[in-house]
Structures are given as C-alpha cells and as structure tokens.
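A.B. asks:
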Amino acid sequence: MPSLTTQNLSKSYGGTHALKNVSLKIHAGDIHALCGENGAGKSTLIKILSGVETPDQGLVQWNGNHLSLGKVHEMESKGIVAVHQEPVVFPDLNIVDNLYAGRELSSGMGTWLNTASMKQRTRDILDSLGEDLPLNQPVGEMALAQRQMVSIARALFNQCRILILDEPTASLTTRESDALFKTVISLKNQGVGILYVSHRLEEVFQLAQCISVLRDGILVSTQSSNDLSEDALIQQMVGRKVAYPSRQQPVNADITKNKPVLELKALSRTPAYDDIHLKIHAGEILGMSGLVGAGRSEIARAIFGIDEFDTGEILFNGKKLQNHSIRKAIDLGIAMVPEDRQRQGLALPLSVETNLLLPSLNAFQGMTGLDRSQMRSMSGQLISKLGIKTGSPDNPASALSGGNQQKIVLGKWIHQNPSLFILDEPTRGVDVGAKSEVHRMIIELAKQGSAVLLISSELPEILSLSDRILVIAKGHVSGELAREEANQEKLLKLSLPEEAKQSP
Amino acid sequence: MITYLLRHRAIGLFLFIGLLTTVVSWINPAFLSAQNLRDIAVQAAPICIISCGVMLVLVAGEIDISVGSMMGVLAASMGIMVSASRAQLPPHVAIALTLLIGIGMGLFNGLLVAYAGVPSIIVTLGMLTALRGLTEIIMNGAWITDLPEEIRFLGTGTILSVPLSLWTTAGVLAMTIWLIHRTPIGRRIYATGSNPQAAQLAGLSIKSIKLFVFAWTGLLTAVATLVSVPQLSVVDSGIGVGTELLVVTCVVVGGTSVNGGVGTLSGVLCGVALMTMISTVLIFLKLGEHATYWSRAIQGLFILGAILADHWISNHKK
Amino acid sequence: MKAIFLRTLSLPETFLSCLIITLFALISQLDPSFLQWEVQRSLSSHIWELAIIAIPMTLIILTAGIDLSVGSIMSLSAITAGMLFQAGSSMPLACGAALLTGTLGGFLNGFFIARMRVHPLIITLATMATYRGIAEGISQAKPVSGFPAGFTRLGQDEWLNLPFAAWVFFIIFVSVFWVIHRRALGLHVYAIGNNDTASRFSGIHVDRILIGLYTFSGFASALAALLFVARRNTAKADVGMGIELGVITAVVIGGVSIFGGRGTLVGTCLGLLLIHETREFVSWHWNRDEFILIVLGLLLIVSVVFQKLLRHKQNSS
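Just so you know, the sequences run in chain order Y, L and X.
So in my numbering, spot 184 of the first sequence is number 184, and the numbers just go up one at a time.
Position in the second sequence (first residue = 1) + 504 = my numbering.
Position in the third sequence (first residue = 1) + 822 = my numbering.
#1: Enumerate in chain order the residues of its own chain whose CB-to-CB distance from L:Val528 is below 7 angstroms, with the five nearest sequence positions on each side excluded.
#2: Would a check of beta-carbon distances place X:Thr1019 closer than 8 angstroms to chain Y?
#3: Can you grab the Cα-Cα spacing for the pair Y:Val242 / L:Val558, in whole Å?
#4: Let me make sure I understand the geometry here. Which of Y:Ile276, Y:Asp331, Y:Pro168 and Y:Gln342 has the alpha-carbon closest to that of Y:Val292?
#5: Here's a check: name, in chain order, each residue in its chain whose Cβ is nearer than 8 angstroms to the Cβ of X:Ser855, leaving out the five neighbours to either side.
#6: To be precise: take each residue of the stretch 1023-1044 of chain X, compare its Cβ to all Cβ atoms of chain Y, and keep it if any distance is under 9 angstroms. Which residues remain?
#7: CB-CB under 7 angstroms to X:Ala1046, same chain, minus the five flanking residues each way: which ones, in chain order?
#8: Strictly below 9 angstroms CB to CB, what residues from chain L border Y:Thr122?
#9: Nearest to L:Leu517 by CA position, among L:Tyr797, L:Met781, L:Ala801 and L:Gln704, is which residue?
#10: Is the distance from the Cβ of L:Lys714 to the Cβ of L:Glu566 below 8 angstroms?
#11: Taking Y:Ser464 and Y:Glu425 to be in contact with their CB atoms under 8 angstroms, please state how far apart those CB atoms are, rounded to whole angstroms.
#12: Only counting the same chain, and skipping five residues up and downstream in sequence, which positions put a Cβ closer than 7 angstroms to that of X:Ala816?
#13: So, for Y:Ala347: in the same chain, excluding its five sequence neighbours on each side, which residues have a beta-carbon less than 8 angstroms away from its beta-carbon?
#14: Between X:His868 and chain Y, is there a C-beta pair that is closer than 8 angstroms?
#15: Run through the DSSP bridge pairs and tell me what Y:Ile218 is partnered with.
#16: In three-state terms, what does DSSP make of X:Phe933?
#17: So Y:Ala335 is in the alpha helix (DSSP H); what residue range does that whole segment cover?
#18: Which residues mark the beginning and the end of the beta strand (DSSP E) in which Y:Gln7 is found?
#19: Hey, quick one: how far does the alpha helix (DSSP H) through Y:His73 stretch, first residue to last?
#20: When the distance is taken between beta carbons, is X:Thr880 closer than 8 angstroms to X:Gly1082?
#21: Output, in sequence order along the chain, the residues in the stretch 950-972 of chain X whose CB is closer than 7 angstroms to any CB in chain L.
#22: Count the other CB atoms, across all protein chains shown, that sit within 10 Å of the CB of X:Thr902; report buried if there are 16 or more and exposed otherwise.
#23: When DSSP labels each residue in this structure, what does X:Met1063 get in the three-state scheme?
#24: If we cut at 8 angstroms on Cβ distances, does Y:Leu350 have a partner in chain X?
#25: Take every Cβ of the stretch 626-642 of chain L, pair it with every Cβ of the stretch 1112-1121 of chain X, and state whether three or more of those distances are shorter than 8 angstroms.
#26: Alpha carbon to alpha carbon, how far is X:Thr1100 from L:Thr796?
#27: Please state whether DSSP places L:Arg791 in a helix, a strand or coil.
#28: If you follow the beta strand (DSSP E) that Y:Ile276 is in, where does it begin and where does it stop?
#29: At what residues does the alpha helix (DSSP H) containing L:Gly614 begin and finish?
#30: Looking only at its chain, what residues have a beta carbon closer than 6 angstroms to the beta carbon of L:Ala580, apart from the 5 residues adjacent to it on each side?
#31: Start and end of the alpha helix (DSSP H) containing Y:Asp97?
#32: Evaluate contact between the stretch 1067-1078 of chain X and the stretch 962-978 of chain X, counting only Cβ atoms and requiring at least three cross-stretch pairs below 8 angstroms.
#33: With a threshold of 8 angstroms between beta-carbons, can Y:Arg327 be considered close to chain X, or not?
#34: Per DSSP, what kind of secondary structure is Y:Trp62 in: helix, strand or coil?
#35: According to DSSP, is Y:Gln502 helix, strand or coil?
#36: Does the beta-carbon distance from L:Thr721 to L:Val622 come in below 8 angstroms?
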C-alpha cells in the first residue's frame, strides 16, 4: 500500500524546537488522526507536509521516493494537499472560478475557456462530496462551512493521494460536521490517505484508525484507535507537568467577598456567545479556558468596548456601563492585551517609546508641548521594569522579538494602574524565557490589586495562574472550577462541546 | 427588493436610467429622437471604450488616472503622423503606430507598478503630468487642422448609417466580454484582485496580470482616441484633459470596487450611460441655459448617492 | 555613530536636500541671475496658496488618506465670497462665509470617511465634482471682480519684503509643526497611519482626528482661495483647478508615503521647494513650459522609486 513517510523531521524557530525527530507513516486509504495541545507542533508538521515550510533536517518520502521540500507546487503535483483551518478562497468569485483559478481549462492557446466542461467537472467533484452548492454565487457570500467545502473541493481537484485536514470542524455545526465526516469516509474508501488534525477527541475516535500524539514537538505515540481510551489519549497529550510559575499565595478568602470589579449579567451576542455571567474581584486572576472560536475573544472585546452586544449588562465597580466605547473603558481603568499582537496591539514601524506611551500621550502634554524628558524617563522605567530587550527606546517595535513586543503591549497599560486587565492569549508565539517573565508580570499585577481576566488556550498556563477558571464552549459557560479542583483533564472535557447542547 | 436592486448595481442603474428617460421624454419628446440618442451614444463611445480597460485595472486592485494625458499624447502623435503638412504617413501605418504607442505607454505604467513596486496611484499621477507635457512638446504650440479624409472617416464615417465609433465600441465591448468570461486571463484578473495571497498560492503570476491590465488600458485608450479625435476639426494639446476623472467616476458608479475583485461590464456600461446622459438631460428639461451649469454638481451628487447606497447595503447585510 | 550617519543618509529629507543643492549648483552655473532675491520673490507669488494646502494634505496622507477635493473647495469658497460681495455684503462677512463654506466642505469629507468608512479616494472624488459643480452652478461660470482695495491688498501687499500669503503660510506651518512634534496629536496621526486598529485599541479617537484633519484641509483650502482671489482680484469657478495634483505631487516627492505613517512636514516643504525651483527655472531659463510637466511627472516617479530603494537598502544593511 502506498504511503507518505517522514523521517526525523526537525524544525526550530529561534531557540525553540517546534518539531524534534518526528517519524510518521500515513497509508493511503487510512484516516490518521494527529492530536496534541496548542503549540505541540501540529501546525509546523502540516506546514512542512504541504510545502509551506522547509524542515531543518529530515526527509519526506512518497512511496519510497524522496520529495523536495518547501514547494507547495511540488507537493500538490504528488497529490499531497492541505486544507487549512481558515479557508483560502477568492471571496468575490464563484465556485467554478475558485476551483479553477490558475488551472483553467481552455482551448485555442488560452483564447477560449471551456466553461461547460469546467462547470461539469465542478459539479462532478461536488457530487462526489455529496454537496449541492449554487455554482454562480460568490463564495464570500456562502456560510463558513460551505467555504470550507470549497477549499476541500479545491484540494481534491488534482488526483489527491494524501489530504491534510487542519481542524476542519472548528467552526462547523453538528450537522455540517456530519456531512464532512461522510465526505472524509468516502474519500478514504476511494483510497485517499487522510491526516486528520483535531481537538475534538470524539471525532477522532469516530473516524480514525490510527492516532498519533505530538507533545512539545515530539511524537509521543502512534497507536491504533481501538487500543486507546479517551482518558489515555488526554493523558498522553498532556504528559508531564511543564514547569510553570504559580502564585505563591493561595487564593485570599477575602478576595471573593469584595465587591466585584467587573460583573457580566446575561451578556449575549448572537451567534458568538449567549447568557454569559461572570464576576472578577480585585486581586483575582480569572482564567477563561476553551477552544479557539468558542467565543472567549468576543466576550473580551465586548468588555473593552470594541464591539456592541445584543442584550445583558456589564457592571464595572457596581455601575452599569452605558454607551460603551474603547476610550470609556480605558478611562474607567480597563486595559486590554488583544489576541493579535501585530495587527491590534502595536504600530510596528513606530518606536518602542511611542508604542509604550500611545494610550497615555495626553498625560505628557503641558503648556509648552509634550514633555519629552518625562516621556523618556517613563519609557525608560517601563523598559527596565518589564525587562524589554531593546537597544534604544527609539528603535522601531518591529525590530523586537515576539516576547519583547508582547511586553510592550502589556507595558502600554501598566503605568496607568488599571483596575482590570483583559489578557487575550498573552503568550501566543512567545518563546519560553519571555513566557515565564510575562507570567511573573501577570502575578505581579494581581498582587498589586488589579483584577485579571486571562484568556488562554494553553491549559498549564491557565491552571498555574488562575484563582478560578471559567470554561467556555460554543458561546456558553460550560463550567466553573476553583483552583484546587481544576486539572487538565477536567478542563479539556468541559471545553469539548457536548453534542446534547447543540441545536440539531 | 430595494436591497436587491442596489446590490445588482447594473439593474438598479438601468431602472434609474429608464425612469430618467421616461421623465425627460415626457417633458420633451425630442429627447428620444434618433438624432439625440445617436449624439449621446457617440459622446459616450470613447468614455465607454476606456472604461472597459480602467475597470479591469480596478478589478485587479490597482488604479489608472493617466488615461486623459495618454489620450493627449496619442491624439498629438496621430495628428503629426497623418497631417498633410507633417509626416504624411499612410493612414493604416499611422493607426497601427498609434495603437502601438498606446500599448507602449500602458506597458510603461504596468512595468513600474508590477516590477518596480511603485504604487499605481503614484505612477499614473506622475504619468498624468508628464504625458501632458509630452503632448505639448509634440504639438509645439501649433494646431493640426488638416487631418486626411481616411482618418476623419474613423470619427465621422458611418457603416449602415451607424457611426463607425459605435461599431468600434461594440467591438471593444464584445472583446471585453470575451476576455472576462471566456479566457483564463480574465478569470485571473478577478482572482488577483479578490485575494492576492490566495492568487499567489494558486500559482498565478500576479505581475504579468497587472502588466496586462495596464497595457490593455493603453491599447483601449488608443482605440478611443482613434474614433473620437477625428470627429474634431482641430487637434490641440488639450485633448483628453479630465477624461481620467470621468472614466474613474463611471467605473465606480457602475459598482466596481476600488479594493479589487468586483466589477461588472454591465454596471460600468450603465455608469457611462448615466454620466453622459446627465449633461444632455439638463438641456432637454428646458430649464433654461443656467441649468446646464449645474451638470457637474448633479454628477457629483450621483456619485455620492451611489456611495451612500453601497454603505446602506453593507449595513443591511449584517 | 555610523548607524546614525547611515540612517540620516537614507532619510528622504537628506536625499531631497542633495537634489535641491545640486539644482542650485546647476542653476548658478547656467544662469546665476535667477538666484537674485528680487527674481525669486517675484516668481514665488503664487506658490504660497499651494503650500498652505500642502500642510493639511501632508497630515491626511500620513493617516493613509487623500483629499482630492481641495481645488474644488477653493473654487466653492472663492465663489461664495464673490457672490456675497456681488450681492452687496461687506467684504469681511463675505470672507467669513467663504472660510465657513470651505470648513464645512472639509467636515463633510471627514464625516463620510470616518463614520462611513468609505475609501477617501472615492469620497473626495465625488465631492471634488460636487463642490466645483455647485460653484459653477451658483456662479453660472461667470467671474466676479472689482473687489475693494482693502481686500486685494491682502494678496498684493508685502510685509517685511514677503507677501502676506507667505506669512499666513509660515504661521500655519509653525503652529502645525508645533502640534505635530510637541503634542500628543502628532504621534496619534502617525499611529493611525501605521495601524489604525491598534490606535483604536489604544483609545485614540481615530474618527475625531480624521474628521478634524479633513475639516482643517477644507479650512486651509478656503484660506488659499481667498488669498488667490485677493491676488488676482477675480473669483471664478475654475479657481484651483488641478491644484490637488500639484499638492499631492509635492507631498509625495517630499517623502510622505502614500500608504501613510511615514513622512514629515519638513519633507513636504523640501518637496515644494524642489518642485517650485525646478518649475520656475525651466520656465525662466528655457522659456519652455512644456518641459516642466515632464520633469515634474518623472521627478515624482523617480523620487518614489529612489526612496523605495534607499529604504530597502537601509533595511537590509
């Protein structure tokens, strides 16, 4: 049976190993699941197999023949195609044009498109997927699930041998997921090998014959799904305890008796989240756990006044917020570290100092203008306090590493002593060393009496830092755990959407 | 219903033009006379031809505001080439050379945008200025009044009692329809403008696509010059001034997005029709001479109206 | 030290200064009489109106916007003043109304751009036609002239050897320069041009700033229109025709990135100077106006290509 094999693939970014000596074998006609936590190296492996990235070392073979790596076209021509989590489509074009972009069927040296046969083949492919989509509608107007299907159809276009699906059900409803599973199984029966990457363990057990687990860039195991229980799988994914700093003092009993800094009452916005209740007290770190796309960031954006919400109330220090806006949130003492540092957090080409002082520039304004020396001393203080590694405060923020950039985003707020910090994935893409520094800062913030809402997909991070943990699944609060009772298994189980809760 | 009409810009515009025509012809039946319709069509022809090119530039995610000055250069060089008192080239040679010059200028724009990476608004703004200067150098302060009959025929002649410029416009429209709907390059222009990153992943050569749309616009500008300038008895250095704004306006009113990826030929046609009708309409409404001076204001308000409609739609989509 | 030297060398302002010095060196070889103060002063009478508009245009382009309607706002303001004067109103009242009209026109631009999130190119393309159209409509394209001497003196009198318009420009320049370099607003403008989402997330009033800048642009255009009318003693709907292209060209040659976030007011001034001296010298020495346009157009393209190369080099070194 033909197969795709990798031998000793390794890849590191900066000092961190994303993948270490991964050897994997995927057979045609098999569904092979790949599991692991965020940051375990799954996406790096997918990028290498689809030709987007080149490994530092190691080989990839198809049927025993070496493949030249780092070229999307080379991989596609061998029939190895990846469908990424975010569908890559042309939003203004219809399905036929999306499928055929760059490989149109034409006669007369490209002077006459064979639209009829292109339409026919598109319909054939969609039929084989069991989909009935309108051929003339712009893909951008379709639902996410349908766009996903267009991406898959595009992947199946050439004689597809190995199909890599990255979190294909992340944003699908149950019914849409079921349709997708049928497609996946029928492809498998046609002899296509499938590498199925998913957080959702029940899907993995439902579909896969074979399950591989990645942890910290290392392939932990490859087992038949029959030999594995869900609990055992979670155990393997989580593995050993990573050394995270944890708060020295246990939760102060007084904290929760205080008036809450922030309270949400039945906050709803369709379809992102529904009926969210939560309270955060001064000096408390409230962790918010859940899968990507569960609605956590949307809740954070509502609190910070970025988006409006449909119904419900936000109370800050007991007062109901009306006509909420970002400026109002900042003036009240709410700070936010957004999830996308480069797009939402920093003006990259501007200097470190400007970025640090951006929200508070008005404070440095006197009769004669901006007080440059005061600005310089404040930015100097922040840089040394946060340990930002930069040659000069005048260097552009773009010249710094991810960890140092994240410290700037935190530092923007710290000197204003906000009473509430919203941290959305504060250590995403941050290397290990800077990570523990960021963790130390978060603890320090709480010690000084700020309330912290910590959103993170990394379970150990949530577990080691939070006083209380709220788990969000599909826009609902699916559970609240006190620090003592929480562990990774419980969080993981709570964050997996229960089928019963979903609309049919 | 209204949302549907606004979203399908061509249909909405078409109905609006219909309404306008009905009202105007009710007040003054002469508006619908064959002569007047023909005059409007002839006036619209060069704008329509150039719009077919500029629309594709916008669809590819770029902009071209140099067409007015390109027209100036093309008119001047064509005039010099055929004039009895100047180069006296045979008309067919002059026509071929004019088309080549048009393509050449378009290629120059395209090369700077695609290969030197200069923003298209800068390149074409620079060319707008420089080519107007070039026109003045070519003309050297003189006028050309002795265009030979063969060239004059391009502008004033008729075939089957339909002006040649309208035949040409029909030909260009047919070509553009073919290009958009029947060739790979047409589909790729839309793909590039819709999502440049996805286009790159799909293996499209974005550079050559951009080069193509600019060259195509250059060619069409030459065609438009050939059928419109010979209508005039005098060629001077002011030909084409302001054309670029009128063309961009027509294309945008016709529903083409400045962010690329979206644009239909039918919408652009309606945009051209509406914009050229407005000045005539004011005369036929018999509002007196002073009303004609308001035509530019009304054009501007129409563009604003189209933008407001777009805004309204996107709010209703949510 | 070497790094600072290299950085200074690759600044567009340095590049422009070198170009200007080369130009002056060339001129002093070809025709030193051009450099006499009297000649320079008499040739500069018209540049100040363009320069006044270039200040808000610089700020707008810094926020990644553009304002094509400045020439049309000039026209509408000039006609407002002219028509009111013709109708018998006093000149100060007419001037006040003109300034108000221009400011309102700019405010409308800003409102559409900030609140409706429409591309500034499209909005100002539309208002460009609308404003001039209104001016043509109410004036019936007829000129108004015969303004009182007290008004025309504003355009013709000099103070300390410089025309009144020059002083208006200097006052605006110095105050805007101070705001941009010494107030928080200046850094806010750069932040918006670099990343408007991050700016919003940092609590900057992006909408208010954009509306303010376009309103300022309208005000400056109205001011320029009044100076123009006073200098020529005539107001007509074609006032300011095409000036937007001259202004944008100067700003871009001055090193302000059309994509926003990069550039300085000093750069714009150098751009203005370079364009002005080139234009006047070509016309003075060779008396061939047609070359000016070619030189300016090519200068625009070449300077952007050069700035791109310099930046590329700086980044790679």
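Quick reminder that beta carbons are idealized off the backbone N, C-alpha and C, glycines included.
C.D. replies: Concretely, from the data shown:
#1: Exclusion of the five residues before and after L:Val528 leaves Phe535, Val785, Phe788 and Leu789 as the residues of its chain whose Cβ lies within less than 7 angstroms of its Cβ.
#2: yes
#3: For Y:Val242, the predicted model reports a pLDDT of 46, less than 50, meaning its position is unreliable and no value from the coordinates is stated.
#4: Y:Pro168
#5: Val861
#6: Phe1023, Ser1024, Gly1025, Ile1026 and His1027
#7: Glu871, Ile874, Ile875 and Met896
#8: Per Cβ cutoff of 9 angstroms: no residues; Y:Thr122 is ~13 angstroms from chain L at best.
#9: The option with the nearest alpha carbon to L:Leu517 is L:Met781.
#10: yes
#11: In this structure Y:Ser464 does not touch Y:Glu425 by the C-beta definition: roughly 16 angstroms separates them, more than the 8 angstroms allowed.
#12: Any property of residue 816 of chain X remains undetermined from this structure, which presents chain X solely from 823 to 1139.
#13: Thr354, Asn355, Leu358 and Ala397
#14: no
#15: Y:Lys20 and Y:Arg215
#16: helix
#17: Counting along the chain, Y:Ala335 falls outside any alpha helix (DSSP H), though it belongs to the beta strand (DSSP E) covering Ile334 to Val337.
#18: Membership of Y:Gln7 in the beta strand (DSSP E) is indicated by the continuous run Ser3 to Tyr13.
#19: Val72 to Ser77
#20: No, the Cβ-Cβ distance between X:Gly1082 and X:Thr880 is not below 8 angstroms.
#21: Ala951, Thr952, Arg954, Gly955, Ile956, Glu958, Gly959, Gln962 and Ala963
#22: buried
#23: coil
#24: yes
#25: yes
#26: 40 angstroms
#27: First, the residue type needs correcting, since residue 791 of chain L is Leu and not Arg in the sequence shown. DSSP places L:Leu791 in coil when its eight states are reduced to three.
#28: Tyr273 to His281
#29: Pro595 to Ala618
#30: Thr639, Ile642 and Met643
#31: Ile95 to Tyr100
#32: no
#33: It does; some Cβ of chain X falls within 8 angstroms.
#34: strand
#35: Residue confidence is low: Y:Gln502 scores 42 on pLDDT, short of 50, so the model does not pin down where it sits. No coordinate-derived value is stated.
#36: no
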